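Take a look at the structure below.
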Amino acid sequence: MQWILILIFSIFCLFTLTNQWVRKSRKYESVNSVASSYDSWTNDRLLENLWGEHIHLGFYEKPRIKKDFRKAKVDFVHELVRWSGLNQLPKGSRVLDVGCGIGGSSRILSDYYGFDVIGISISQEQVKRANELTANRDFCSFEVMNALDLKFEKGSFDGVWSVEAGPHILDKQTFADEMLRVLRPGGVLAVADWNQRDSTKHPLNFFEKLIMNQLLIQWTHPEFSSIEGFKNNLLNSPYCGSSVETSNWTKYTIQSWNESIYEGFRRPSSILKLGLRSLLKAFKEIPTILMMRWSFSRGLMKFGVFKSRG
Ligand SMILES: C[S@@+](CC[C@H](N)C(=O)[O-])C[C@H]1O[C@@H](n2cnc3c(N)ncnc32)[C@H](O)[C@@H]1O
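Using our numbering, the first residue of the sequence shown is number 749, and each one after it goes up by one.
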């Protein structure tokens, strides 16, 4: 009898969550929908409590290596700094963090590498929170700004950094143009992005199109570019001063998807203390996280990194 009740309750929960997941998608409509999604993800503190101050994947140098998820995120920042050559810039260099979240990367770039960092995000609440979390505001500050309309002069930064903001941006060419415009000649560009397989070479089948549709509508993504496509956006920019190098870091980052779910079980209090609503919200993300994991493991999605000199 008890088992029947548990079964009915589980079916009810599954039905409610699936229903919520399918009906209440967070589809991209404009930059405003991205801003309001991040405003709400910031204000409810769910992401921050669960995954810390970095809203990006972690770096795992070997498959199935044991590493704290938050440490893997910090490692990711240092790996991208090294790979892109940002660490060759002298202390005091001006660096722009495009799509800065609540400032996790910006603070490392400022505190550890000694750069003078400005982070920009479309979300007002993220900028507010980033400023609250930053002790050294003279060398690390944040502003609300659209990545597609940067309010800075041409060539005003020694380095431009952007991690996982690209999937939220519809006009990838203007995104590339704006980052390269504000970079000084010889400066360093470092970008990490979630990319789709190049569908001009390998079109998506029916099932892959269904999955891709969910990946887009669940987390306010208008479109993913391919690694080749965004490389061309950078190369085609009138502000591009040199060659562009790319690499596929899927194998170093894919473990993050499982870890992001395990974190909820490792730190249950981080969700439970926020209440039942947050618990349901966290559960609602699990199908999308699993689909992301599947897509990256099958090559439908790729984790692209890009570097160039201005
Ligand atoms: C996945 S989060 C990554 C945050 C941060 N880079 C990190 O690694 O922790 C994506 C970020 O891109 C920002 N973003 C998305 N579209 C943007 C736009 N058009 N202009 C400025 N920021 C944008 C979001 O507000 C958010 O901060």
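We put the beta carbon where it would ideally sit given N, CA and C, even for glycine. Given the structure is predicted, the values throughout are model-derived calculations rather than measurements.
Are the Cβ atoms of residue i and residue j separated by less than 7 Å?
i, j, result
"isoleucine 868", "glutamate 891", "yes"
"tyrosine 921", "threonine 1036", "According to the sequence as given, residue 921 is glutamine; it is not tyrosine. In this structure, threonine 1036 does not lie closer than 7 Å to glutamine 921 by Cβ."
"leucine 844", "phenylalanine 905", "yes"
"glycine 914", "isoleucine 975", "no"
"serine 910", "valine 846", "yes"
"leucine 1062", "lysine 979", "With the chain covering 749 to 1058 only, the question about residue 1062 has no answer from this structure."
"serine 990", "serine 1056", "yes"
"phenylalanine 817", "tyrosine 1000", "no"
"leucine 798", "glutamate 956", "no"
"arginine 929", "tyrosine 987", "yes"
"asparagine 894", "valine 779", "yes"
"histidine 804", "glutamate 912", "yes"
"leucine 837", "glycine 907", "yes"
"glycine 800", "glycine 934", "no"
"serine 985", "aspartate 925", "yes"
"lysine 899", "glycine 862", "no"
"lysine 1050", "asparagine 953", "no"
"leucine 1048", "arginine 945", "yes"
"threonine 994", "phenylalanine 1054", "yes"
"phenylalanine 774", "threonine 968", "Note that residue 774 is arginine in the sequence shown, not phenylalanine. Cβ distance < 7 Å, so arginine 774 and threonine 968 count as in contact."
"arginine 842", "aspartate 864", "yes"
"serine 1026", "isoleucine 1019", "yes"
Check for me: the beta strand (DSSP E) holding residue i runs from which residue to which?
i, result
"leucine 844", "842-846"
"glutamine 944", "931-944"
"serine 889", "888-892"
"threonine 968", "Careful: threonine 968 lies outside any beta strand (DSSP E) and carries neither H nor E."
Could you check where the alpha helix (DSSP H) with residue i kicks off and where it finishes?
i, result
"glycine 977", "975-984"
"glycine 855", "The amino acid at residue 855 is misidentified as glycine; the sequence shows arginine. From DSSP, the alpha helix (DSSP H) with arginine 855 extends over 852-859."
"lysine 876", "872-881"
"glutamate 827", "817-832"
"asparagine 953", "Run containing asparagine 953: none; DSSP gives neither H nor E here."
"asparagine 835", "Note, asparagine 835: premise wrong, no alpha helix (DSSP H); not H, not E."
"tyrosine 1010", "1003-1014"
"leucine 918", "From DSSP, leucine 918 is part of no alpha helix (DSSP H); its letter is neither H nor E."
"leucine 798", "794-799"
Per DSSP, which residues does residue i bridge with? Please list them.
i, result
"valine 911", "Ala940"
"lysine 1021", "In the DSSP output, where bridge partners are listed per residue, lysine 1021 has none listed."
"serine 785", "Looking at the DSSP assignment, serine 785 forms no beta bridge with any residue, so it has no partner."
"aspartate 864", "Arg842"
"threonine 994", "Phe1054"
"serine 869", "Val892"
"methionine 1049", "Gln944"
"phenylalanine 905", "Leu931"
Assuming residue i and residue j make a contact with CB atoms under 8 Å, what is their CB distance in whole Å?
i, j, result
"isoleucine 866", "serine 889", "6 Å"
"asparagine 1005", "methionine 1040", "For the record, residue 1005 in the displayed sequence is tryptophan; it is not asparagine. Their Cβ separation, rounded to whole angstroms, is 6 Å, which keeps tryptophan 1005 and methionine 1040 in contact under 8 Å."
"histidine 802", "lysine 821", "4 Å"
"serine 1043", "isoleucine 959", "6 Å"
Using a beta-carbon distance below 7 Å, is residue i in contact with chain D?
i, result
"asparagine 981", "In the structure shown, chain D does not exist; there is a single protein chain."
| query | Is the stretch 850-866 in contact with the stretch 877-890, if contact means three or more CB pairs nearer than 8 Å? | reply | yes
| query | Would you call the stretch 824-839 and the stretch 927-942 touching, i.e. three or more CB-CB distances under 8 Å? | reply | The stretch 824-839 is in contact with the stretch 927-942.
| message | Contact between the stretch 869-877 and the stretch 782-789 is defined here as three or more beta-carbon pairs at a separation below 8 Å; is this criterion met? | response | yes
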